[in-house]
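Asks:
2 protein chains.
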Amino acid sequence: MKKLKRSARLVEMTQYLLHRPHHLIPLTTFADRYGAAKSSISEDLSIIKEVFEEEGMGDLLTMAGAAGGVKFIPKAGQEQAEEFINHLCSMLSDSSRILPGGYLYMSDMLGLPNLMNEAGKLFATVFAHADIDVIMTVETKGIPLAYATGAQLNLPVVLVRRDHKVTEGSAVSINYVSGSHKSLHTMTLSKRALKPNAKVLIVDDFMKAGGTIQGMVDLLAEFNATVAGVGVLVESGEIDTEQKLLEDYVSLATLTVVDAKEKEISVQPGNYFSRLQRR
Amino acid sequence: MKKLKRSARLVEMTQYLLHRPHHLIPLTTFADRYGAAKSSISEDLSIIKEVFEEEGMGDLLTMAGAAGGVKFIPKAGQEQAEEFINHLCSMLSDSSRILPGGYLYMSDMLGLPNLMNEAGKLFATVFAHADIDVIMTVETKGIPLAYATGAQLNLPVVLVRRDHKVTEGSAVSINYVSGSHKSLHTMTLSKRALKPNAKVLIVDDFMKAGGTIQGMVDLLAEFNATVAGVGVLVESGEIDTEQKLLEDYVSLATLTVVDAKEKEISVQPGNYFSRLQRR
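Heads up: the sequence lines are chains A and B, in that order.
If you're matching positions, the first sequence starts at 240 in the numbering used here and goes up one per residue.
If you're matching positions, the second sequence starts at 240 in the numbering used here and goes up one per residue.
(1) Which residue or residues does DSSP assign as beta-bridge partners of GLU503 of chain B?
(2) As a quick exercise: from B:LYS404, B:ALA437, B:THR451 and B:LYS447, pick the residue whose alpha carbon is nearest that of LEU423 of chain B.
(3) With a cut-off of 8 Å, do at least 3 Cβ pairs link the segment 332-346 of chain B to the segment 300-318 of chain B?
(4) Name the DSSP bridge partner or partners of VAL469 of chain A?
(5) Alpha carbon to alpha carbon, what distance is there between THR425 of chain B and ASN393 of chain A?
(6) Pull up the CB-CB distance for ALA464 of chain B and ALA437 of chain B, whole angstroms please, since I reckon it's below 8 Å.
(7) Output the residue ranges of the alpha helix (DSSP H) runs that lie fully inside the segment 310-369 of chain B and measure 4 residues or longer, sorted by chain position.
(8) Drop a sphere of 10 angstroms on the beta-carbon of SER409 of chain B, count the other beta-carbons inside from all chains shown, and report buried for 16 or more, exposed for fewer.
(9) Please list, in chain order, all residues of the same chain as LEU256 of chain B whose beta carbon is under 6 Å from its beta carbon, the five residues on each side excluded.
(10) Grab me the residues of SER287 of chain A's own chain with a C-beta within less than 8 Å of its C-beta, minus the 5 sequence neighbours each way, in chain order.
(11) Please say whether VAL290 of chain B and ALA247 of chain A have beta carbons closer to each other than 7 Å?
(12) Rounded to whole angstroms, what is the Cα-Cα separation between LEU428 of chain A and GLU322 of chain A?
(13) Taking only beta carbons into account, state which residues of the segment 494-506 of chain A come closer than 9 Å to chain B, listed in chain order.
(14) According to DSSP, simplified to helix, strand and coil, what is ASP298 of chain A?
(15) Taking its Cβ as the centre, do 16 or more other Cβ atoms sit within 10 Å of MET302 of chain A, making it buried, or is it exposed?
(16) Can you confirm whether the segment 442-451 of chain A touches the segment 482-492 of chain A when touching is taken to mean that 3 or more C-beta pairs between the two stretches lie within less than 8 Å?
(17) Closest Cβ-Cβ distance between PRO435 of chain A and chain B: below 7 Å?
(18) Within 10 Å of its beta-carbon, does ASP271 of chain B have 16 or more other beta-carbons around it, so buried, or fewer, so exposed?
(19) I'd like to check one pair, ALA385 of chain A with MET355 of chain A: are the Cβ atoms closer than 7 Å?
(20) Quick one, which residues of the segment 404-423 of chain B are near chain E if we go by CB-CB under 7 Å, in chain order?
(21) Kindly indicate if chain B contains any beta-carbon less than 7 Å away from that of GLU461 of chain A.
(22) Threshold first: 4 residues or longer. Then list the alpha helix (DSSP H) segments lying entirely within the segment 243-305 of chain B, N to C.
(23) Measuring straight from C-alpha to C-alpha, what distance separates ILE504 of chain B and ASP443 of chain A?
(24) Could you pull the start and end residues of the beta strand (DSSP E) that SER417 of chain A belongs to?
(25) Run the CB neighbour count on GLU474 of chain A, radius 10 Å, all protein chains shown included, and call it buried at 16 or more, exposed below.
(26) Take the Cβ of PRO313 of chain A as the centre, count every other Cβ of all protein chains shown within 10 Å, and call the residue buried at 16 or more, exposed below.
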């Protein structure tokens, strides 16, 4: 790359960092890339750091020493997170989402890549410093959320399937109970998908009692893997706390009322902010 | 937002544009945001434009007039695209991917959010100026690719399901023939998912004869929607051209040999570059 002026360097470094969240980048990488002195690179980075932190884009960590460098940690600011969660709640409150049986149509929302990326950034904020090797979800609707989270945390995504596909190779299957009818389902994960002792962040679009997520937790045990955290976009608050199978999870929105007869939906922010404070 | 210096403004504008591909942003948005004169904003944008174009990140289009502004069009440069496609081919060539029956294990690759985002950028490059309303894929493995493409093109994603879920509301189903055994399958799409006359870009992870994609094309006809393009990550080249159901598609890699007995895989770049030139 040709030698760049400071102004051009700032643009280039900003995009370079944004595309590489949670990567440790040695200062020499930038110095070589732009034919600049390390001291100039340091000054550039302090400008970028200030803007990133003031605009609620995330932290720019500087590690000193021979193995040092900078690392961009995407984090949603308080204001940005509140705005997003309010937006999410207001989208969910639209009564035309109510389907027969009191189910909620969310596929249009889950189909917006930018909305999913924003939600992923919130999960990446809560779990920014957690020790995680991989993100896991079960097909189908949690997938975009899992990838959005994985992209921000620089982690791979592992997909649990409802049935065993030939393209997954040999697999481990379990049965689990979920849904309001307590029905029995199967989930399966390729044997190649997880390394032993992997630390796994489970992400899904919706949680009621938590049967499906408990199924994933049970599946992890078969791989000697452990749960590093659980994040759900929307949780149902229409269920007694006693009936909840999981206690420790992060949710962005809570459905408190879905009344199919009166065509009424009530939504409030999930436990995101209280979980964020605990960390 | 407080008044920013040029250096800080360049960092902020870069991230603002990168997060809003294919959005028209009026200059006044920036002028108001940073308390700067439009002429300063124009100078900033020309610095950003130069870096974006030189580094193969994409184009920054300037539209003059009252309804004017700037629009960031993500595009992979020639060098970046070649590097990515070679990387993809070399990952695919690993003979430990071969599964019984000559199937290929790709879930680890499809599980890398960054790899999917790069592939999505290539599709966004080919279809940068196509008239598209929505991206469509069929569950499950094409989903991350569809979202990566949708994020870059600022378009929603619509998901075809294998069977009709209660959370999709009323749906339209079709039968289609696919796979080496010419077996009959069903696919279904929520009636709410597509507006009439929608122009649809179909994205999938793998294509052999193209039966599944032809199924999606047939499903689109039921919605009076039309195909604006087809993009696949990997195509099988082990099939006669005559047997291919589709002619007009973009592929990033082609499998020429998958020999389960000899544990041999041959991969070459797909038709990406030739399709790119046609547009």
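In this text, a Cβ means the ideal position worked out from N, Cα and C, and glycines have one as well.
Replies: On the basis of the data shown:
(1) Here residue 503 of chain B refers to the residue found at position 264 of the second sequence. Beta-bridge partners of GLU503 of chain B (DSSP): B:ASP498.
(2) In the second sequence, counting from the first residue as 1, residue 423 of chain B sits at position 184. Among B:LYS404, B:ALA437, B:THR451 and B:LYS447, the Cα nearest to that of LEU423 of chain B is on B:THR451.
(3) Output reads no: the segment 300-318 of chain B does not touch the segment 332-346 of chain B.
(4) Position 230 of the first sequence, counted from the first residue, corresponds to residue 469 of chain A. DSSP lists A:ILE441 as partners of VAL469 of chain A.
(5) On the first sequence, residue 393 of chain A is found 154 positions in, with the first residue counted as 1. On the second sequence, residue 425 of chain B is found 186 positions in, with the first residue counted as 1. Approximately 36 Å between the Cα atoms of the pair.
(6) Translated into positions along the second sequence, residue 464 of chain B becomes position 225. Translated into positions along the second sequence, residue 437 of chain B becomes position 198. Between ALA464 of chain B and ALA437 of chain B, the beta carbon gap of about 4 Å places them in contact (Cβ cut-off 8 Å).
(7) Fully enclosed alpha helix (DSSP H) runs of 4 or longer: 317-331, 346-349 and 352-365.
(8) Numbered from its first residue, the second sequence carries residue 409 of chain B at position 170. Looking at its Cβ environment, which holds fewer than 16 other Cβ atoms inside 10 Å, SER409 of chain B is exposed.
(9) Stepping through the second sequence from its first residue, residue 256 of chain B is reached at position 17. These residues qualify, in order along the chain: PHE311.
(10) Stepping through the first sequence from its first residue, residue 287 of chain A is reached at position 48. Reading off the sequence, residue 287 of chain A comes out as Ile, not Ser. Same-chain partners within the cutoff: LEU249, MET252, THR253, LEU256 and LEU299.
(11) As a working mapping, residue 247 of chain A is identified with position 8 in the first sequence. As a working mapping, residue 290 of chain B is identified with position 51 in the second sequence. Taking 7 Å as the Cβ cut-off, ALA247 of chain A and VAL290 of chain B qualify as a contacting pair.
(12) In the first sequence, counting from the first residue as 1, residue 428 of chain A sits at position 189. In the first sequence, counting from the first residue as 1, residue 322 of chain A sits at position 83. The alpha-carbon of LEU428 of chain A is positioned some 36 Å away from that of GLU322 of chain A.
(13) Hits within the stretch: zero.
(14) For the purposes of this step, residue 298 of chain A is identified with residue 59 of the first sequence, where counting begins at 1. In the structure shown, ASP298 of chain A adopts extended strand secondary structure according to DSSP, grouped into three states.
(15) Here the question's residue 302 of chain A lines up with position 63 in the first sequence. Exposed, since its Cβ has fewer than 16 Cβ neighbours within 10 Å.
(16) Taking 8 Å as the limit for Cβ pairs, the verdict is that the segment 442-451 of chain A does touch the segment 482-492 of chain A.
(17) Stepping through the first sequence from its first residue, residue 435 of chain A is reached at position 196. In terms of beta-carbon proximity, PRO435 of chain A stays away from the interface with chain B, with every pair separated by 7 Å or more.
(18) For the purposes of this step, residue 271 of chain B is taken as the residue at position 32 of the second sequence. ASP271 of chain B is exposed by the Cβ-count criterion.
(19) Counting from one through the first sequence, the residue named residue 355 of chain A turns up at place 116. Counting from one through the first sequence, the residue named residue 385 of chain A turns up at place 146. Going by C-beta atoms, MET355 of chain A is not nearer than 7 Å to ALA385 of chain A.
(20) Among the protein chains in the structure shown, which are A and B, there is no chain E.
(21) Your numbering for residue 461 of chain A matches position 222 in the first sequence. Output row for GLU461 of chain A: interface = no.
(22) Taking only runs of at least 4 residues, the alpha helix (DSSP H) segments lying wholly in the segment 243-305 of chain B are 245-257, 266-273 and 277-293.
(23) As a first step, residue 504 of chain B is located in the second sequence; it is residue number 265 there, counting from the start. As a first step, residue 443 of chain A is located in the first sequence; it is residue number 204 there, counting from the start. Distance between the alpha carbons of ILE504 of chain B and ASP443 of chain A: 35 Å.
(24) Working through the first sequence from its first residue, we reach residue 417 of chain A at position 178. 410-417 is the span of the beta strand (DSSP E), which, as asked, contains SER417 of chain A.
(25) Stepping through the first sequence from its first residue, residue 474 of chain A is reached at position 235. The C-beta of GLU474 of chain A has 16 or more other C-beta atoms within 10 Å across all chains shown, which makes the residue buried.
(26) Here residue 313 of chain A refers to the residue found at position 74 when the first sequence is read from its first residue. Of the residues assessed, PRO313 of chain A falls on the buried side of the cut-off, its CB having 16 or more other CB atoms within 10 angstroms.
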